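Enquirer:
In my numbering, the protein residues as written are 535 to 1162.
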């Protein structure tokens, strides 16, 4: 046992998978953003059991919402360039032609029954992608390094986690968590942390230390999975494909690089997973693809598993320890949700920890993680059960078979969920649907991620998606849809908004650190509609183009117009988002792009009251030369 004094730290993150890395990246972002306003950086460490970064990951599906998150982190370009883009899904089923049984086996050959878009038009401006998890994690690590964040500590095994609940309740600044770990099997080292994130997978030591259990069951469904280099005359091998045949079901997922392909293969009920061999997967695939040839130049990776759908009975402790990812929810891999939901767990808790540890909000904010991600995890398990039944309903011996068209319809209806766009957070201190005027923005749902639409940036006439202005940089956004250009009421609205937001009693001044830029906590965004050439920059109040940054220059990138673009057409943003230009709307958006509140454009007091509910006031009113 080590005799060294414990190391004190703000956040200890156990595990460097998708959830752990995303949460860690948030902490790096907070340390990097406006460092002059921080009395001290957030101290964190990531302990990883492996001795090096992940080199081969089993997960590969990247849903639309995850790509949107990578866009907010300035990581989407590499992702989009390197990944396979899933654009269409083909549905194959047994041929109704008796001649397809010509081999004498009694098996019918398969035929394509239909095709459909993988993601319905308009769901997201980002596509569904396929890229190995090791590379996805690598992009997050590269971003952390660019920000100067602390790197991962490899070779550490966490032995136990203990929470001093009395200290946790009494002292918000107390190091209430004790973590004991060893490096490469050596002496034990003790860490004292304010907060601990359990991102250590399905066999989580953190979860077990807290005495929590996984509740649920294993199904009798058995599936094999393999990444292979197929030699085949099957025409849709580079499309996403669902195959239902007399020999079983199979899901084809093309991989990045143009050659590698993943098969998920159904095995008969009662198959002993431990007895399955690679040759069994090969043979089963060949049977399912009949009458097409299917041979294998090489198999890069394979596995066989039974489906387990489980949820931890608790996933937080004393508002100090938080479980993420597989540490508190497990499910089948076929819908491509695992890496995505885990990453979004980390994305959720990360910005909230950043807020608390930099004094922007009290620790009560962290309780919203329970409400939001707990419901998301439960919904995930429910969806996975539905999705599994959808596949099982066509297997041999199934009591209730469905037609190929019924399967296709069910698969397509699942598209919004598999795209990651159905999460709706309940009301809390940072989400307020009950106090919102939802009808003012009918397609912007409070509690859900902000949908995007094309707009034209006023300062440089760049056509872009509105959400590209909402970077994951720790800031809140107040988006003011002020109405039509050229109408006197529009500029009057804007003057009124600026006067309140820029006043000593407004939330921008009240909750911004004295030495920080006026937009460093709440960034204002303005969206007009109409002909942009009828508007001049000097008509826009100074608050919406303040002096900021190292060089004390005007920031002209906060004003947008819903207008025709020279090359990209018209985005019709007001129409797409369900906003009446005569009425306008104010939309408050969280640092993670989820919508907190929708208000009438002239209800500035409502904006202030929203931030008053959870923010901690700062002394002073921001940088004094924010205006010329």
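All C-beta atoms in this analysis are idealised placements derived from N, C-alpha and C, irrespective of residue type, glycine included. Computed from a predicted model, the values in this text were never measured in an experiment.
Provide the residue(s) that pair with residue 1074 in DSSP beta bridges, ordered along the chain.
Expert: In DSSP, residue 1074 forms no bridge with anything.
Enquirer: Out of curiosity, what's the CA-to-CA distance linking residue 1145 and residue 858?
Expert: 27 Å
Enquirer: What is the DSSP secondary structure of residue 698, counted as helix, strand or coil?
Expert: coil
Enquirer: So within the region 1073 to 1126, which uninterrupted alpha helix (DSSP H) runs reach at least 4 residues, ignoring any that extend past its ends?
Expert: Runs found: 1107 to 1111.
Enquirer: Output the distance between the C-alpha atoms of residue 1105 and residue 998, rounded to the nearest integer angstrom.
Expert: Straight-line Cα distance between these residues: approximately 9 Å.
Enquirer: Please tell me whether, using a cut-off of 7 Å, the distance from the CB of residue 814 to the nearest non-hydrogen atom of the ligand COA is below it.
Expert: This structure lacks the ligand COA; in fact it carries no ligand of any kind.
Enquirer: So within the region 983 to 1007, which uninterrupted beta strand (DSSP E) runs reach at least 3 residues, ignoring any that extend past its ends?
Expert: 988 to 991, 997 to 999
Enquirer: Helix, strand or coil: how does DSSP classify residue 1055 here?
Expert: coil
Enquirer: Which first and last residues belong to the beta strand (DSSP E) in which residue 581 is found?
Expert: Under the DSSP assignment, residue 581 falls in the beta strand (DSSP E) whose first and last residues are 578 to 582.
Enquirer: What residue range does the beta strand (DSSP E) around residue 712 cover?
Expert: 711 to 717
Enquirer: Would you tell me roughly how many angstroms separate the C-alpha atoms of residue 1077 and residue 1060, rounded to the nearest one?
Expert: 11 Å
Enquirer: Measuring straight from C-alpha to C-alpha, what distance separates residue 550 and residue 542?
Expert: 20 Å
Enquirer: Cα separation between residue 1034 and residue 1048?
Expert: Spanning the two alpha carbons is a distance of roughly 18 Å.
Enquirer: Exposed or buried, residue 1152, counting other C-beta atoms within 10 Å across all chains shown (16 or more means buried)?
Expert: With a 10 Å radius around the Cβ and a threshold of 16 neighbouring Cβ atoms, residue 1152 comes out buried.
Enquirer: Do you know offhand how far residue 599's Cα is from residue 953's?
Expert: C-alpha separation (whole angstroms): 6 Å.
Enquirer: Can you tell me which of the three DSSP states residue 546 falls into?
Expert: strand
Enquirer: Output needed for residue 829: all residues of its chain with C-beta closer than 6 Å, excluding positions within five of it in sequence on either side, in chain order.
Expert: Result list for residue 829: 765, in chain order.
Enquirer: Expressed to the nearest angstrom, what Euclidean distance is found between the alpha-carbon atoms of residue 921 and residue 1140?
Expert: 42 Å
Enquirer: For residue 556, is the classification buried or exposed, using 16 other Cβ atoms within 10 angstroms of its Cβ as the cut-off for buried?
Expert: Buried, since its Cβ has 16 or more Cβ neighbours within 10 Å.
Enquirer: With the cut-off set at 8 Å, would you say residue 724 and residue 693 are in Cβ contact?
Expert: Contact flag unset, no.
Enquirer: Closest to residue 644 by C-alpha separation, out of 825, 1120, 812, 576, would be which residue?
Expert: In terms of Cα proximity to residue 644, the closest of 825, 1120, 812, 576 is 825.
Enquirer: Which runs of the alpha helix (DSSP H) spanning at least 4 residues fall entirely within the region 886 to 927, listed in chain order?
Expert: 901 to 926
Enquirer: So, does the region 583 to 602 touch the region 748 to 757, judging by three or more C-beta pairs under 8 Å?
Expert: no
Enquirer: For residue 977 and residue 1079, what's the separation of their Cα atoms in angstroms?
Expert: Taking the straight line from one Cα to the other gives about 28 Å.
Enquirer: Pull up the distance between the alpha-carbon of residue 570 and that of residue 684, whole angstroms please.
Expert: In this predicted model, residue 570 has a pLDDT of only 47, less than 50, meaning its place in the structure is not dependable enough to derive any value.
Enquirer: Does the separation of the CB atoms of residue 894 and residue 561 fall below 8 Å?
Expert: no
Enquirer: Between residue 668 and the rest of its own chain, which residues show a CB-CB distance below 7 Å, the 5 nearest in sequence each way excluded?
Expert: 588, 589, 590, 591
Enquirer: Could you give the distance in angstroms between the alpha-carbon of residue 831 and the alpha-carbon of residue 762?
Expert: Spanning the two alpha carbons is a distance of roughly 8 Å.
Enquirer: With a Cβ-Cβ cutoff of 8 Å, do residue 784 and residue 797 count as a contact?
Expert: yes
Enquirer: Write down the C-beta distance between residue 515 and residue 981 rounded to the nearest angstrom, noting that I regard them as a contact closer than 8 Å.
Expert: Within the shown structure, residues of the chain are numbered from 535 to 1162, placing residue 515 beyond reach of any answer.
Enquirer: Does the beta-carbon distance from residue 487 to residue 782 come in below 8 Å?
Expert: A query on residue 487 cannot be resolved here, the shown segment of the chain reaching from 535 to 1162 and no further.
Enquirer: Out of curiosity, what's the CA-to-CA distance linking residue 864 and residue 1138?
Expert: 44 Å
Enquirer: Please look up how many angstroms separate the CB atoms of residue 876 and residue 610, rounded, as I've assumed it's under 8 Å.
Expert: So it is not a contact: roughly 19 Å between Cβ atoms.
Enquirer: Which of the three DSSP states is assigned to residue 969 in this structure?
Expert: Looking at residue 969 - three-state DSSP - the assignment turns out to be coil, as it is neither helix nor strand.
Enquirer: Since residue 842 is in the beta strand (DSSP E), which residue starts that stretch and which ends it?
Expert: 828 to 846
Enquirer: Roughly how far, in whole angstroms, is the beta-carbon of residue 773 from the beta-carbon of residue 622, given that I think they are within contact range, below 8 Å?
Expert: That belief holds up - the Cβ atoms of residue 773 and residue 622 are roughly 6 Å apart, short of 8 Å.
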